[in-house]
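Heads up: the structure comes next, in structure tokens.
There are 2 protein chains.
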Amino acid sequence: MPELRKDPIIGRWVIISTERGKRPSDFANLPKRKPSPLCPFCPGNESSTPPEILAFRPPLSEPNKPGWTLRVISNKYPALRIEGDLNREGKGIYDKMNGVGAHEVIIETANHIKDMQDYEDKEMEDVIWAYRHRISDLKKDPRFRYIMIFKNQGEEAGASLEHSHSQLIATPVVPKRVSEEVERSKTYFEYKERCIFCDIIRQEISENERVITQNDFFISIEPFAPRFPFETWILPKSHVSSFENTKKEAIPALAKILKETLLRLAKALNNPPYNYIIHTAPILNHEELEQYHWHIEIMPKLTRVAGFEWGTGFYINPTSPEDAAKYLKEIEI
Amino acid sequence: MPELRKDPIIGRWVIISTERGKRPSDFANLPKRKPSPLCPFCPGNESSTPPEILAFRPPLSEPNKPGWTLRVISNKYPALRIEGDLNREGKGIYDKMNGVGAHEVIIETANHIKDMQDYEDKEMEDVIWAYRHRISDLKKDPRFRYIMIFKNQGEEAGASLEHSHSQLIATPVVPKRVSEEVERSKTYFEYKERCIFCDIIRQEISENERVITQNDFFISIEPFAPRFPFETWILPKSHVSSFENTKKEAIPALAKILKETLLRLAKALNNPPYNYIIHTAPILNHEELEQYHWHIEIMPKLTRVAGFEWGTGFYINPTSPEDAAKYLKEIEI
Numbered sequence: 001m002p003e004l005r006k007d008p009i010i011g012r013w014v015i016i017s018t019e020r021g022k023r024p025s026d027f028a029n030l031p032k033r034k035p036s037p038l039c040p041f042c043p044g045n046e047s048s049t050p051p052e053i054l055a056f057r058p059p060l061s062e063p064n065k066p067g068w069t070l071r072v073i074s075n076k077y078p079a080l081r082i083e084g085d086l087n088r089e090g091k092g093i094y095d096k097m098n099g100v101g102a103h104e105v106i107i108e109t110a111n112h113i114k115d116m117q118d119y120e121d122k123e124m125e126d127v128i129w130a131y132r133h134r135i136s137d138l139k140k141d142p143r144f145r146y147i148m149i150f151k152n153q154g155e156e157a158g159a160s161l162e163h164s165h166s167q168l169i170a171t172p173v174v175p176k177r178v179s180e181e182v183e184r185s186k187t188y189f190e191y192k193e194r195c196i197f198c199d200i201i202r203q204e205i206s207e208n209e210r211v212i213t214q215n216d217f218f219i220s221i222e223p224f225a226p227r228f229p230f231e232t233w234i235l236p237k238s239h240v241s242s243f244e245n246t247k248k249e250a251i252p253a254l255a256k257i258l259k260e261t262l263l264r265l266a267k268a269l270n271n272p273p274y275n276y277i278i279h280t281a282p283i284l285n286h287e288e289l290e291q292y293h294w295h296i297e298i299m300p301k302l303t304r305v306a307g308f309e310w311g312t313g314f315y316i317n318p319t320s321p322e323d324a325a326k327y328l329k330e331i332e333i
Numbered sequence: 334m335p336e337l338r339k340d341p342i343i344g345r346w347v348i349i350s351t352e353r354g355k356r357p358s359d360f361a362n363l364p365k366r367k368p369s370p371l372c373p374f375c376p377g378n379e380s381s382t383p384p385e386i387l388a389f390r391p392p393l394s395e396p397n398k399p400g401w402t403l404r405v406i407s408n409k410y411p412a413l414r415i416e417g418d419l420n421r422e423g424k425g426i427y428d429k430m431n432g433v434g435a436h437e438v439i440i441e442t443a444n445h446i447k448d449m450q451d452y453e454d455k456e457m458e459d460v461i462w463a464y465r466h467r468i469s470d471l472k473k474d475p476r477f478r479y480i481m482i483f484k485n486q487g488e489e490a491g492a493s494l495e496h497s498h499s500q501l502i503a504t505p506v507v508p509k510r511v512s513e514e515v516e517r518s519k520t521y522f523e524y525k526e527r528c529i530f531c532d533i534i535r536q537e538i539s540e541n542e543r544v545i546t547q548n549d550f551f552i553s554i555e556p557f558a559p560r561f562p563f564e565t566w567i568l569p570k571s572h573v574s575s576f577e578n579t580k581k582e583a584i585p586a587l588a589k590i591l592k593e594t595l596l597r598l599a600k601a602l603n604n605p606p607y608n609y610i611i612h613t614a615p616i617l618n619h620e621e622l623e624q625y626h627w628h629i630e631i632m633p634k635l636t637r638v639a640g641f642e643w644g645t646g647f648y649i650n651p652t653s654p655e656d657a658a659k660y661l662k663e664i665e666i
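Taken in order, these protein sequences are the chains called A and B.
Residue 87 in our numbering sits at position 87 of the first sequence; the count goes up by one each step and never skips.
Positions in the second sequence are counted from 1; adding 333 to them yields our numbering.
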């Protein structure tokens, strides 16, 4: 019998319909890559990107020249522009404003063919440090309400360049999905006086049916009402609403759990295309929120059942999160 | 300069960023189809589908045998099951219920290679009649809260069989996107004492920048804040909240505008894969709602920028609706 499940945070119902289920081996894999002399993200081609905003490179090495291990640049084709005022205006019932914002690219490695799950611990920690640096810097700009960090891995997941990278978009508005999470978790907090994410973590640890892995600071789970097969979330075990307020001593643990989770997904699903998104609190007077809890949502792109889901917010998922968790937990890495 | 625009109905902001824009000719097209002797939707293969629930066929012709011009059957691999009770239950903070519902397939034509935009007027009207029949019938089942009708055209849009068909899913819950539309349009109604959709139609007709075509009963527009390039909506000009309450005399006009809109999209975009979804009021004591207005949303599947959009509800659209409307309006059909 298929099952209808409700996401406790934003209230979305999904159908878990395993009779149409696929085994992990049915899912597609990514082609192997070769280094390309024309890749703008490869060392030696720094001049074909906008100048670096941040780079991890040896002392005394020259900016925008090889030697770096990680670079942050402006997106050459930005969806939003950093210059200008918002000029909010209405026309009849419609509202609009200028597309002011930041759109940056984090080139995570100098190695064209290295995937994130194969990074050394230090490389992964550096990616997290770079995210933190850039968020902390852009937060100072009073025009921005939200800073979104995400990664598209593989062409099917929307990556236009294959060299491993993430993106940052700072926006003058809060994305709808995030404001729903914040508002609905506030309703829960007012009713229960507890953070809903903290309650989820407690229940997941006690039931132990959907946990993939955990360490002192973080937990990786399949959510109870996932939209997609093998959708996976990573959450800090202690309450913290903003990603950039993660304690320094927790960063190695975050690097470890992100690497292990991606490695399990890669092994289980033949190196699938995926997206991940860091859900973090909006910028509101730089305050920590007692009802919200930052987390990473990883969505392997395995199925094409993207048809009407967009239009309705109604998802049919052929793989139960319990099956996915069992599979991911047992895979040898 | 990119522009941020807010959808007035559900409050979603989108980025219209035409600098990354593509011309319609850049978009992909569907391969031409050949009739297949194995297609379960073709005449002669009726025995390989579940028995028909409804069929348009000559008087005295036998059910589940050739002769029909349109057939409605249960989905052979249903996402929801028609038998059983809901058995709503909770486990800690989680809620679930049995996946009870209806999942039907409307085989719109006996002709394997005919696309919807090429239907005769009568064929298109029959499709609409079939939708209306099935909704009116399933509405009587007290377990259902919503009846969703949608079409996936082309493999890229999620169609698993190429023979032209639509689907119906009746669910015991209201899809999130629909309940948001209903709730937010209620807020507007309480404030203005007018239907927001009626206001949109008035403004669109008066501005005439995003209208593609119209007739006495319906209008076809590019919405002000579209998520996707060439996203197109068809709305009834007079207020009516439920699709199945469309007046009999308006059905030929609906068939005409749907055909013309799909034909313009097919010509402009090289026969693109697409999804359409009928947004109609939830089943609430069978009452018409004064704040809600049924409509069809057509989403050509042209771009792969589906990456993080799912996760954030934040869309970047490379084509402005004004450009798309101009292009669609001017194309020769």
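Cβ atoms here follow ideal geometry from the backbone N, Cα and C, with glycine treated the same way.
Using the Cβ count rule (16 or more neighbours within 10 Å means buried), how would you classify residue i?
{"i": "Ile147 (chain A)", "result": "buried"}
{"i": "Ser539 (chain B)", "result": "exposed"}
{"i": "Ile352 (chain A)", "result": "Since the first and last residues shown for chain A are 1 and 333, residue 352 (chain A) lies out of range."}
{"i": "Leu60 (chain A)", "result": "exposed"}
{"i": "Thr520 (chain B)", "result": "exposed"}
{"i": "Ser166 (chain A)", "result": "buried"}
{"i": "Asn87 (chain A)", "result": "exposed"}
{"i": "Pro368 (chain B)", "result": "exposed"}
{"i": "Asp126 (chain A)", "result": "buried"}
{"i": "Tyr688 (chain B)", "result": "Residue 688 (chain B) lies beyond the stretch modelled for chain B, which goes from 334 to 666, so this question has no answer here."}
{"i": "Asp216 (chain A)", "result": "exposed"}
{"i": "Asp454 (chain B)", "result": "exposed"}
{"i": "Leu38 (chain A)", "result": "exposed"}
{"i": "Pro391 (chain B)", "result": "exposed"}
{"i": "Glu85 (chain A)", "result": "Checking the sequence, you will find Asp at residue 85 (chain A) rather than Glu. Asp85 (chain A) should be labelled exposed."}
{"i": "Gly423 (chain B)", "result": "exposed"}
{"i": "Ser185 (chain A)", "result": "buried"}
{"i": "Glu204 (chain A)", "result": "buried"}
{"i": "Ser220 (chain A)", "result": "buried"}
Can residue i and residue j be called in contact, C-beta distance under 7 Å?
{"i": "Glu348 (chain B)", "j": "Gly44 (chain A)", "result": "Per the sequence shown, residue 348 (chain B) should be read as Ile rather than Glu. For Ile348 (chain B) and Gly44 (chain A), no; Cβs fall outside 7 Å."}
{"i": "Thr319 (chain A)", "j": "Pro229 (chain A)", "result": "yes"}
{"i": "Ser497 (chain B)", "j": "Met457 (chain B)", "result": "no"}
{"i": "Glu514 (chain B)", "j": "Ile343 (chain B)", "result": "yes"}
{"i": "Ile128 (chain A)", "j": "Ile251 (chain A)", "result": "yes"}
{"i": "Ala658 (chain B)", "j": "Arg338 (chain B)", "result": "no"}
{"i": "Pro654 (chain B)", "j": "Lys634 (chain B)", "result": "no"}
{"i": "Ser238 (chain A)", "j": "Thr280 (chain A)", "result": "no"}
{"i": "Asn408 (chain B)", "j": "Glu379 (chain B)", "result": "no"}
{"i": "Gln624 (chain B)", "j": "Cys531 (chain B)", "result": "no"}
{"i": "Ala412 (chain B)", "j": "Ser17 (chain A)", "result": "yes"}
{"i": "Ile234 (chain A)", "j": "Ile296 (chain A)", "result": "yes"}
{"i": "Glu495 (chain B)", "j": "Arg404 (chain B)", "result": "no"}
{"i": "Met632 (chain B)", "j": "Glu523 (chain B)", "result": "no"}
Going by DSSP, what residues sit across from residue i in a beta bridge?
{"i": "Thr213 (chain A)", "result": "A:Ser220"}
{"i": "His279 (chain A)", "result": "A:His295"}
{"i": "Pro633 (chain B)", "result": "B:Tyr607"}
{"i": "Asn650 (chain B)", "result": "B:Ile349"}
{"i": "Phe56 (chain A)", "result": "A:Leu70"}
{"i": "Pro236 (chain A)", "result": "A:Phe218"}
{"i": "Thr151 (chain A)", "result": "Sequence check: residue 151 (chain A) is Lys here, not Thr. Partner(s): A:Tyr276."}
{"i": "Thr504 (chain B)", "result": "B:Tyr479"}
{"i": "Asp428 (chain B)", "result": "A:Lys6, B:Gly423"}
Contact criterion: CB-CB distance below 7 Å. Does residue i meet it with respect to chain E?
{"i": "Thr645 (chain B)", "result": "Protein chains A and B are contained in the structure displayed, whereas chain E is not."}
Check distances from the C-beta atoms of the region 418 to 446 of chain B to those of chain A and list, in chain order, the residues that come in under 7 Å. Gly425, Ile426, Tyr427, Asp428, Lys429, Met430, Asn431, Gly432
If the cut-off is 7 Å on Cβ atoms, which residues from the region 53 to 80 of chain A count as contacting chain B, listed in chain order? Tyr77, Ala79, Leu80
Please identify, using Cβ separations under 7 Å, the residues of the region 569 to 590 of chain B that lie next to chain A, in order along the chain. none
Closer than 8 Å between beta carbons: that is the criterion. Which residues of the region 534 to 557 of chain B meet it against chain A? Gln536, Glu540, Phe557
Does the region 500 to 513 of chain B touch the region 467 to 485 of chain B, meaning 3 or more C-beta pairs lie closer than 8 Å? yes
Proximal residues, the region 504 to 526 of chain B versus chain A, C-beta separation under 8 Å: Thr504, Pro505, Val506, Pro508, Lys509, Arg510, Val511, Glu513
May I ask you to list, following chain order, the residues of the region 590 to 602 of chain B that have a beta carbon less than 7 Å from some beta carbon of chain A? none
Residues of the region 137 to 163 of chain A in Cβ contact with chain B at a cutoff of 8 Å, in chain order, please. Met148, Phe150, Asn152, Glu155, Glu156, Ala157, Gly158, Ala159
Along the region 605 to 620 of chain B, where does the CB come closer than 7 Å to a CB of chain A? Name the residues. Asn608, Ile610
Examine the Cβ distances between the region 462 to 470 of chain B and the region 427 to 445 of chain B and report whether three or more of them are shorter than 8 Å. yes
Closer than 7 Å between beta carbons: that is the criterion. Which residues of the region 653 to 666 of chain B meet it against chain A? none
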